[in-house]
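Novice: I'd like to ask you about the structure that follows.
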Amino acid sequence: MVTQSSGIRGLGSLTRAKMAAAFGSMTGWGSRRHKRAALVEQHRLHFELLCKAMDDPALAAVLHTYDTDVPPDKQRQYLFANALYINALYYHRIGALSLNELYGHLRMICRNDIFREYWAATRRHRESLPASSEEARLGALMDDLVRDMDALIREQEDGEQWWVVGELPEE
Numbered sequence: 001m002v003t004q005s006s007g008i009r010g011l012g013s014l015t016r017a018k019m020a021a022a023f024g025s026m027t028g029w030g031s032r033r034h035k036r037a038a039l040v041e042q043h044r045l046h047f048e049l050l051c052k053a054m055d056d057p058a059l060a061a062v063l064h065t066y067d068t069d070v071p072p073d074k075q076r077q078y079l080f081a082n083a084l085y086i087n088a089l090y091y092h093r094i095g096a097l098s099l100n101e102l103y104g105h106l107r108m109i110c111r112n113d114i115f116r117e118y119w120a121a122t123r124r125h126r127e128s129l130p131a132s133s134e135e136a137r138l139g140a141l142m143d144d145l146v147r148d149m150d151a152l153i154r155e156q157e158d159g160e161q162w163w164v165v166g167e168l169p170e171e
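Numbering of the sequence shown is given in the working numbering, commencing with residue 1 and proceeding in unit increments.
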């Protein structure tokens, strides 16, 4: 009987260990899910604030941190450009876009003159980011992409070969 009793206790230990491992993996899954939900909420709030600023020049004035005077209509365009950029970053952060897919999307966005103006106007904003941050690394990638697009447009008036601009980042 002693052997059977210790065997049953061993089974209970094994069951407890497996349950603890399963709970640990669910907790990890739960924390990733919680982090993703927090990111979704933060993105929604950011977009809502940008929309309010685009609709109301008095609120947009709060976001005016450019080195030069920017007329209200131009600032609304800049806020929309920011919304497009942040939306692309968001999709990358949640895993919906790989780094190469993000790059392709950003390449398309930076074909637009207004977006490139916005990017130049917000240069100082990116200078304050820690160099090791993901946002700083993606900003530097975008800086190179915008510079290459500007060069292409200077060479070719219509920028016909925009899809070859830049070099795909390493995943």
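From the three backbone atoms N, C-alpha and C, an ideal C-beta is built for every residue, glycine too. Given the structure is predicted, the values throughout are model-derived calculations rather than measurements.
In three-state terms, what does DSSP make of residue 86?
Specialist: Here residue 86 sits in helix by DSSP.
Novice: Please report how far the alpha carbon of residue 64 lies from the alpha carbon of residue 31, in whole angstroms.
Specialist: Computed Cα separation, rounded: 36 Å.
Novice: Expressed to the nearest angstrom, what Euclidean distance is found between the alpha-carbon atoms of residue 59 and residue 35?
Specialist: In a straight line, the C-alpha of residue 59 is about 30 Å away from that of residue 35.
Novice: Assuming residue 106 and residue 88 make a contact with CB atoms under 8 Å, what is their CB distance in whole Å?
Specialist: The pair is a contact, with the Cβ atoms about 6 Å apart (cut-off 8 Å).
Novice: Return the first residue and the last residue of the alpha helix (DSSP H) that residue 125 is part of.
Specialist: Unbroken alpha helix (DSSP H) run through residue 125: 123-127.
Novice: When you compare the segment 73-91 with the segment 112-121, are there three or more beta-carbon pairs, one atom per stretch, that lie closer than 8 Å?
Specialist: Result yes; three or more Cβ-Cβ pairs closer than 8 Å.
Novice: What is the rounded straight-line gap between the Cα of residue 50 and the Cα of residue 40?
Specialist: For residue 50 and residue 40, the distance between alpha carbons rounds to 15 Å.
Novice: Indicate the three-state DSSP secondary structure (helix, strand or coil) for residue 81 in the structure shown.
Specialist: Residue 81 falls in the helix class under three-state DSSP.
Novice: Taking 8 Å as the threshold (C-beta atoms), are residue 90 and residue 125 in contact?
Specialist: Not a contact, by the Cβ cut-off of 8 Å.
Novice: Take residue 37 as the anchor and find which of 93, 56, 144 has the nearest alpha-carbon.
Specialist: Taking only the C-alpha atoms, the option nearest residue 37 is 93.
Novice: By how many angstroms is the C-alpha of residue 97 removed from the C-alpha of residue 139?
Specialist: For residue 139 and residue 97, the distance between alpha carbons rounds to 16 Å.
Novice: Does the beta-carbon distance from residue 86 to residue 46 come in below 8 Å?
Specialist: Going by C-beta atoms, residue 86 is nearer than 8 Å to residue 46.
Novice: Using the Cα positions of residue 135 and residue 127, report the straight-line distance between them to the nearest angstrom.
Specialist: About 11 Å.
Novice: With a threshold of 16 other CB atoms inside 10 Å of the CB of residue 62, please say whether the residue is buried or exposed.
Specialist: The residue is exposed, with fewer than 16 neighbouring Cβ atoms inside 10 Å.
Novice: With burial defined as no fewer than 16 other Cβ atoms inside 10 Å of the residue's Cβ, what is the status of residue 53: buried or exposed?
Specialist: Label assigned to residue 53: buried.
Novice: Would you mind sorting residue 156 into buried or exposed? The rule is 16 or more other CB atoms within 10 Å of its CB.
Specialist: When all chains shown are included, residue 156 counts as exposed.
Novice: Could you spell out where the alpha helix (DSSP H) holding residue 104 opens and where it closes?
Specialist: Segment 99-109, the alpha helix (DSSP H) holding residue 104.
Novice: Starting from the Cα of residue 74, find the closest Cα among 131, 132, 101, 113 and give me that residue.
Specialist: When only C-alpha atoms are compared, the closest one is 113.
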